[in-house]
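Under the numbering used here, residue 594 is the last one in the sequence shown; the count climbs by one each step, no gaps.
C-beta: ideal position from N, C-alpha, C; glycine also.
Because the structure is a prediction, the values reported are computed rather than measured.
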Amino acid sequence: MERNRLKYFSRHLAGRLTVALLLVSTLLSCSADYRQTVPENCQALMAVDLSHSLGPEGMDELKSKLRVENISDCGIDGAEPIYIFETHDGRFGCVAKTDSREKLEEWLGSLVPSGQIQALSERKGLSFFLLKGSMMIAVSDAAVMMMGPVVETAHQELQRKMSRLLEAEQQLSPLFELLDVEKTGISAVAYAKALPQQLESMFLLGIDRQVAQKEVAVKFDVSHENHCLQLVAHPFSLHPETDRQLQTALEHYHPIRPFFADRISGDAVFSLACGMKGEDMLQLLRSNPTLRTVLMGMNTSLDMDKLIRSVDGNILLSLRSWQGEHSQFVVLAEQKQPDWTQDIDYWMQSAPPGTAIRRIPSASPYPQLSVNSGSWQLRLGISEDSLLYLATSDSLLQSVLQQTNRPLPAPVAAQVAHSRFCGVLGLEALAKQNSELKGMVSFLRSLLGKTDYIVYSIEK
């Protein structure tokens, strides 16, 4: 009898322990590492330590925007980094650790009357909100995630995706091992294929693109100062032969002279400066499908290959407006012997129907041409200081040939002049000309404080 009671007690105790262990396991899974919500196969990853990157003044500004006295008042754990990522299919998102789900939901709810936030229906135990009509927010016990921008017809699809990410316990992305937020509070790394093609092409000269997309990554030294987000790129590959080819490709670039940095306008949407030979530039342009198509079209009127081969030294491209084929831009470049000038008369005589090439009367000993092809117009020639130029308007050309009326802030211009290759993105101009990106610019500024420019560079 006593033995039977002991057996019953043992089985009963074992059952209770099993249930207890299952409950503990469930609780542990609920408090899993919030970094596991980042897709394992993400293509780019940035970590932002708010207190480190913003400093006391920036943190005060952020708390003022959030309308809280402490970051913890809105339910987010400010002691842990915020992670911004790009998924394999090109979506962008960010995730932060939840300090108190209840506080976070209350804080988000308090913004509903202002119209900034729209509360949506719960889904699988997650709370969903919509920020400014385009950014989806999902709240769980462990994390808060935001993804977008998203159109209304895609709300449910994105909610399902975010639910899967927040519910699953994925392996950490290998990109986490390459992040280091201790130095500046911001760290970023990306596979080559995640970068805009224009940037990707810049350091893949001579490397097979299909191989590079699988084997090349870029680690960024990131800092935020003088209202500028600076990203200094360090391309690398874990495959020795690919890394050797990569470092050889980077040797094609030469330092940028301050003269060219001073001619970048603070009003430009995007400016790119680098130092290289025309033959390398031609190879770079041909590696980009979009630019290759543009070259082919212009080659029907001008010998663009010959023009580009004449380049030797610094090159500046400044994009003032971003409107597809009606974009406004100017190119300025140092050149060696301009052999292309011998072909001008031939270009004028052999111009295809609908295209007019004429000389512009000028006291300058150098040629000045106007090219009109109906859908696009171009000024082409050599400046008084022997620089090759191409521009979509005379006013734009003059603003670059002379020192611009609204130059880049001195610290930003110095960053350009201390590089071999540099791209400058003007966020104010971008937000004005592209309404779809206005929300992303606003979100970036909410994270980093006032940010006017993003500068991507390869140092000397």
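Distance between residue j and residue i (C-alpha atoms, nearest Å)
i, j, result
"residue 584", "residue 361", "6 Å"
"residue 294", "residue 262", "11 Å"
"residue 327", "residue 350", "8 Å"
"residue 503", "residue 169", "57 Å"
"residue 548", "residue 377", "29 Å"
"residue 507", "residue 426", "18 Å"
"residue 325", "residue 352", "6 Å"
"residue 365", "residue 589", "6 Å"
"residue 401", "residue 303", "45 Å"
"residue 215", "residue 387", "35 Å"
"residue 265", "residue 226", "15 Å"
"residue 597", "residue 480", "The structure shown does not extend to residue 597, since the chain is modelled only from 135 through 594, so no value can be given for it."
"residue 520", "residue 473", "13 Å"
"residue 512", "residue 575", "32 Å"
"residue 355", "residue 267", "33 Å"
"residue 532", "residue 509", "22 Å"
"residue 240", "residue 229", "18 Å"
"residue 587", "residue 559", "6 Å"
"residue 210", "residue 420", "47 Å"
"residue 390", "residue 306", "39 Å"
"residue 516", "residue 316", "49 Å"
"residue 580", "residue 488", "49 Å"
Proximal residues to residue i (C-beta, below 7 Å), its chain only, five neighbours per side dropped
i, result
"residue 461", "453 and 455"
"residue 494", "502, 503 and 504"
"residue 412", "442, 443, 444, 445 and 446"
"residue 269", "280, 282, 283, 573 and 577"
Beta-carbon proximity list for residue i, same chain, < 8 Å, skipping 5 on both sides
i, result
"residue 384", "337, 369, 554 and 592"
"residue 206", "212, 233, 234 and 237"
"residue 392", "547 and 551"
Beta-bridge partners of residue i, as assigned by DSSP
i, result
"residue 286", "Paired residue(s): none; residue 286 is not in a bridge."
"residue 505", "491 and 512"
"residue 355", "321 and 366"
"residue 555", "408 and 592"
"residue 314", "Per DSSP, none; premise fails for residue 314."
"residue 227", "219 and 281"
"residue 261", "273"
"residue 522", "467 and 516"
"residue 350", "371"
Burial state of residue i (16 or more Cβ within 10 Å)
i, result
"residue 152", "Note that residue 152 scores 32 on pLDDT, short of 50, meaning its location in the model is unreliable; the coordinates nonetheless yield the value given after this. Exposed is the call here."
"residue 433", "exposed"
"residue 258", "exposed"
"residue 436", "buried"
"residue 557", "buried"
"residue 222", "exposed"
"residue 526", "buried"
"residue 382", "exposed"
"residue 359", "exposed"
"residue 407", "buried"
"residue 430", "exposed"
Limits of the unbroken alpha helix (DSSP H) element including residue i
i, result
"residue 469", "Segment 462-469 is the beta strand (DSSP E) holding residue 469; no alpha helix (DSSP H) there."
"residue 237", "235-244"
"residue 567", "561-567"
"residue 528", "528-535"
Residue i - containing beta strand (DSSP E), residue span
i, result
"residue 369", "362-371"
"residue 394", "Run containing residue 394: none in the beta strand (DSSP E); it sits in the alpha helix (DSSP H), 392-395."
"residue 479", "No beta strand (DSSP E) contains residue 479, which is instead part of the alpha helix (DSSP H) from 478-484."
"residue 377", "From DSSP, residue 377 is part of no beta strand (DSSP E) but of the alpha helix (DSSP H) over 374-384."
"residue 449", "445-455"
"residue 182", "178-182"
"residue 252", "251-253"
6 Å CB neighbourhood of residue i in its chain, flanking five on each side removed
i, result
"residue 274", "260 and 300"
"residue 252", "264"
"residue 467", "445, 449 and 522"
"residue 322", "180, 354 and 356"
Any chain B beta carbon closer than 7 Å to residue i
i, result
"residue 292", "Absent from the structure is chain B; it holds one protein chain and no more."
Residue i beta carbon near the ligand FMN (any heavy atom closer than 6 Å)
i, result
"residue 306", "In terms of ligand content, the structure shown is empty, and the ligand FMN therefore cannot be addressed."
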